[in-house]
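Number of protein chains: 2
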Amino acid sequence: MNFLEEKIITDGIIKAGNLLKVDNFLNHQIDIDIIRQIAYELKRRFRGETINKILTIEASGIAIATMVGHLYDVPVVFAKKSQTTNSTDDKYMAEAYSFTHQRHNQVFVSRPYLSDTDRVLIVDDFLADGQACMALINLVHQAGGEVVGIGIAIEKGQQPGGDLLRSEGYHLESIAIIDSMDDETQSIRFRSEYN
Amino acid sequence: MNFLEEKIITDGIIKAGNLLKVDNFLNHQIDIDIIRQIAYELKRRFRGETINKILTIEASGIAIATMVGHLYDVPVVFAKKSQTTNSTDDKYMAEAYSFTHQRHNQVFVSRPYLSDTDRVLIVDDFLADGQACMALINLVHQAGGEVVGIGIAIEKGQQPGGDLLRSEGYHLESIAIIDSMDDETQSIRFRSEYN
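Order-wise, the sequence lines are chains A and B. The first sequence maps to residues 1 to 195 in our numbering. The second sequence maps to residues 196 to 390 in our numbering.
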């Protein structure tokens, strides 16, 4: 069991409806040791790759992205969310359906911050249905840039995002992949346990 | 002129209506060198203080807060915004009026993440009317904690937030304080220039 799986076991709370609450170390209170270790582990997994930009989406991806950007010493861009479609003249824009909030979000990055020379590592705290991630990929491609990889802290393996991204050939690295969890017994099964 | 004032001069864009756009290094694209230097400078200015938690507000405060938390090696908490008033049983909640969006936001932190043993450094990218900052102070006080200081990247000195916080006795440190700016001539006057 790796450091993040262990942290999920000790500090995560499983809620009904396949929800995992990691508020106390990842997306409300941030355990700086864990964030640092996530960043180092992602850098290790993408060893040898040339990366000149980190891309994430507000808000909870920003902490991990900042620490990864610090290690790579490259700029970090966070895509913004908007519920309305504004003028797209000055921005790259994509749509992401949020299953959590059951609504379509517009996701955008201002044009100067993505370009055709960019070799981008996309990072986020969670991967579930992959909608946010696909929107970020779309933004990089609109700019003519390359998605070198996708680095995720926690992947919900029962949801289709991970399989979708892998089947499309993306280099996806998730530090913890949850294959099943049970809120009654508060038990979690990680994919790594089968390996 | 310090590093941040210089960066604002070279990369900031002044827009009509007293707006300063620093999208390309602070709150959309993040220049990791600048964020690092902001964090080191804030730590220097609060030298000698015991701080065990960093508090900010989503989204654009998170990058600076993460880097400051990394330097202090303490947890980072980011308050969340909500436009609706939900149950407050499990959270500390305060109201912040946003002049930018002309609406009242509820700002909250889940109860376990602030306590009466906390000595908190509040950090944010901008200080203008001080509404967000006052809401964060309110949350710390609800929990019985102490606000050791407030560290800001850019203070808009013509707006009342800074004076209000100083007059109430808070130790406020803003790395760049803008006393006036002119969108037609793209000129900025910093408070440090008078010292």
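Glycine is no exception: its CB is placed at the ideal position from the N, C-alpha and C atoms.
is_contact[residue i, chain B] using C-beta, thresh 8 Å
i	result
A:Lys-15	no
A:Lys-7	no
A:Gly-69	yes
A:Asp-73	yes
A:Pro-112	yes
A:Ile-35	yes
A:Glu-58	yes
A:Val-22	no
A:Lys-43	no
A:Val-77	yes
A:Ile-51	no
Min CB distance residue i to chain A below 8 Å
i	result
B:Ile-227	yes
B:Ala-338	no
B:His-299	no
B:Thr-205	no
B:Thr-261	yes
B:His-223	yes
Identity of the residues DSSP links to residue i by a beta bridge
i	result
B:Ile-225	A:Val-76
A:Tyr-97	A:His-104
A:Leu-19	A:Lys-15
A:Ile-154	A:Phe-126, A:Ala-176
A:Tyr-92	A:Val-109
A:Ser-60	Per DSSP, none; premise fails for A:Ser-60.
A:Ser-187	A:Asp-182
A:Ser-115	For A:Ser-115, which the question treats as bridged, DSSP gives no partner whatsoever.
Best match in the options for proximity to residue i [C-alpha to C-alpha]
i	options	result
A:Val-76	B:Ser-293, B:Asp-228, B:Ala-291	B:Asp-228
A:Arg-119	A:Tyr-113, A:Ala-132, A:Phe-99, A:Gly-145	A:Gly-145
B:Met-196	B:Ala-338, B:Gly-256, B:Ile-373, B:Thr-251	B:Ile-373
A:Ile-64	A:Asp-31, A:Glu-95, A:Met-93, A:Phe-46	A:Asp-31
B:Thr-205	B:Asn-213, B:Val-217, B:Gly-212, B:Ala-211	B:Val-217
A:Asn-18	A:Ser-110, A:Lys-156, A:His-141	A:Lys-156
B:Val-269	A:Ile-35, A:Leu-42, A:Lys-7	A:Ile-35
B:Asn-222	A:Arg-191, A:Thr-56, A:Glu-173	A:Thr-56
A:Leu-136	A:Gln-159, A:Ile-175, A:Gln-106, A:Asp-89	A:Gln-106
A:Phe-99	A:Ser-110, A:Gln-131, A:Tyr-92, A:Asp-124	A:Gln-131
B:Ile-249	B:Leu-360, B:Leu-316, B:Lys-210	B:Leu-316
A:His-101	A:Lys-81, A:Pro-112, A:Tyr-92	A:Lys-81
A:Asp-125	A:Tyr-40, A:Ile-175, A:Gly-48, A:Ala-79	A:Ile-175
A:Cys-133	A:Ile-13, A:Asp-163, A:Asp-116	A:Asp-163
B:Asp-311	B:Ala-254, B:Asp-285, B:Arg-240, B:Val-342	B:Val-342
A:Ala-79	A:Phe-46, A:Val-109, A:Phe-190, A:Glu-41	A:Val-109
A:Ile-150	A:Leu-172, A:Asn-138, A:Gln-142	A:Leu-172
A:Gly-61	A:Gln-142, A:Ile-51, A:Arg-166, A:Gln-29	A:Gln-29
B:Gly-356	B:Met-376, B:Gly-364, B:Ala-323	B:Ala-323
Host beta strand (DSSP E) of residue i (start-end)
i	result
A:Met-181	172–182
B:Leu-250	248–252
Where residue i sits in the DSSP three-state scheme
i	result
B:Arg-242	coil
A:Gly-149	strand
B:Ser-362	helix
B:Asp-320	strand
A:Ile-192	Ile is not the amino acid found at residue 192 of chain A; the sequence shown has Ser there. Helix at A:Ser-192.
B:Val-315	strand
Opening and closing residue of the alpha helix (DSSP H) in which residue i lies
i	result
B:Phe-198	198–206
A:Gln-159	Neither: A:Gln-159 is in no alpha helix (DSSP H) and is coded neither H nor E.
A:Gln-142	131–142
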